[in-house]
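Here the structure is laid out as structure tokens; the discussion comes afterwards.
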Amino acid sequence: MDRMEETARASPGNDSQGKVAMVKQEGDEDPCKPLAATATRKVILQKVARRRFTIRQNSVRRFRAGRAALLEVDGFWKKSNVVIGKTAFVRLCQSVASEIGGRRLRFEGAATDAIQEACEAFLINYFTALNLIANRANRDTVMTTDAALLKQSMNVLEPTPNEKPTSN
């Protein structure tokens, strides 16, 4: 059953008519305080709670001429848009270098970044060409035959070291 609110009433047995008997139930506010004070306190607390969770919109920041461009360039330097993870690519570079050189070589960070950028650019161009070949064959899927055709067409332009160029 919900809380029942009892109103203040004068006690019938007392001679003093000014006294008021008030009953406080569990969870009620203090009966001696006026209801308006508790209501205003609740309203104030609700307003404070609303203010805490409002999102402040920052004003547009004005930079000196050229400062925004410098910040943008710094952001580009810090950000790297690479597909392959850096640690995995560094391990791959070290394993390939050890196969070629026979001993463990060390790479600078800038060198591995440059190699990674070049490798990813090559892979993007390679798969773009494979996709064009697959589209030419009315397919959506790239197949190994497409890779063989691309390799063969690239070898037409560059003779292999074993072949001697023919002179007429």
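According to my numbering, the sequence shown holds residues 7 to 174 in order. The beta carbon of each residue, even a glycine, is placed where N, CA and C say it ideally should be. Note that the structure is predicted; figures quoted are calculated from it, not measured.
In chain order, what residues of the same chain lie with their CB nearer than 8 Å to the CB of Asp146, ignoring the 5 residues before and after it?
Within the sequence shown, residue 146 is the residue found at index 140, counting from 1. Counting only residues of its own chain and dropping the five nearest sequence neighbours on each side, Asp146 has a CB closer than 8 Å to the CB of Ala140.
Does the count of Cβ pairs from the segment 130–139 and the segment 152–159 closer than 8 Å reach three?
They touch, by the three-pair rule.
Please report the residue range of the alpha helix (DSSP H) in which Lys84 lies.
By 1-based counting over the sequence shown, the position of residue 84 is 78. Where Lys84 is concerned, the enclosing alpha helix (DSSP H) stretches over 73–84.
Taking contact to mean 3 or more Cβ pairs, one atom from each stretch, closer than 8 Å, check whether the segment 125–135 and the segment 104–116 are in contact.
At 8 Å Cβ cutoff, the stretches do not touch.
Pick out whichever of Ala135, Gln100, Ser65, Ala55 has its Cα sitting closest to the Cα of Ala117.
Here residue 117 refers to the residue found at position 111 of the sequence shown. If we check each option's Cα against that of Ala117, Gln100 comes out closest.
Which of helix, strand or coil does DSSP assign to Met149?
Locating residue 149 in the sequence shown gives position 143, where the first residue counts as 1. Of the three classes helix, strand and coil, the one that applies to Met149 here is coil, per DSSP.
Report the option in Glu78, Ser86, Val54 whose CA atom is closest to the CA atom of Gln122.
The sequence position of residue 122 within the sequence shown is 116, counting from 1. Selected option, being the one with the closest Cα: Ser86.
Compare the C-alpha of Thr134 against each of Ala143, Val148, Asn144 and name the closest.
What you label residue 134 is simply residue 128 of the sequence shown in a count that begins at 1. Comparing Cα-Cα distances from Thr134 to each of Ala143, Val148, Asn144, the minimum goes to Val148.
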